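J.:
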Amino acid sequence: MRQRHAWFDDQLVLEPERLVFIDETWTATNMTRSHGRCARGERLRMGFPHGHRKTTTFVAGLRMTGMIAPMVLDGPTTETRSRPT
Numbered sequence: 001m002r003q004r005h006a007w008f009d010d011q012l013v014l015e016p017e018r019l020v021f022i023d024e025t026w027t028a029t030n031m032t033r034s035h036g037r038c039a040r041g042e043r044l045r046m047g048f049p050h051g052h053r054k055t056t057t058f059v060a061g062l063r064m065t066g067m068i069a070p071m072v073l074d075g076p077t078t079e080t081r082s083r084p085t
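Under full-length UniProt numbering, the first residue of the sequence shown carries the number 1, and numbering increases by one thereafter.
(1) Hey, is the segment 60-79 in contact with the segment 10-23, meaning 3+ C-beta pairs nearer than 8 Å?
(2) So what's residue 29 in DSSP terms, helix, strand or just coil?
(3) Any Cβ of chain D within less than 8 Å of the Cβ of residue 48?
(4) Using CA atoms only, rank isn't needed, just tell me which of 3, 24 and 11 is closest to residue 60.
(5) What residue from 39, 48 and 65 has the CA that sits closest to residue 16's CA?
The structure is reproduced here in structure tokens:
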């Protein structure tokens, strides 16, 4: 237990209200379902992109007060996109 307290005491003093975590998620059109269900006797009508794959990426900062600086990108996140210009 002493080691745990010593480790905690050695940590930097961080103010939680100043922390910003960057989070990223994505979706791709090839994840779209190609089959579905509907009531008996009814025809299921739905469209989905076949053969035209597209990826959309969502990046945002997360703070204690909520989400900040949301950004939507066409395409996947790459090393080139994550570098400042």
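We put the beta carbon where it would ideally sit given N, CA and C, even for glycine.
Being a predicted model, the structure only gives us computed values, none of them experimental.
T.: The answer reads as follows:
(1) yes
(2) In the sequence shown, residue 29 corresponds to position 29, counting from 1. Correct three-state label for residue 29: helix.
(3) Of the protein chains in the structure, only one exists, and it is not chain D.
(4) Indexing the sequence shown from 1 puts residue 60 at position 60. Nearest option by C-alpha distance: 24.
(5) In the sequence shown, residue 16 corresponds to position 16, counting from 1. If we check each option's Cα against that of residue 16, 65 comes out closest.
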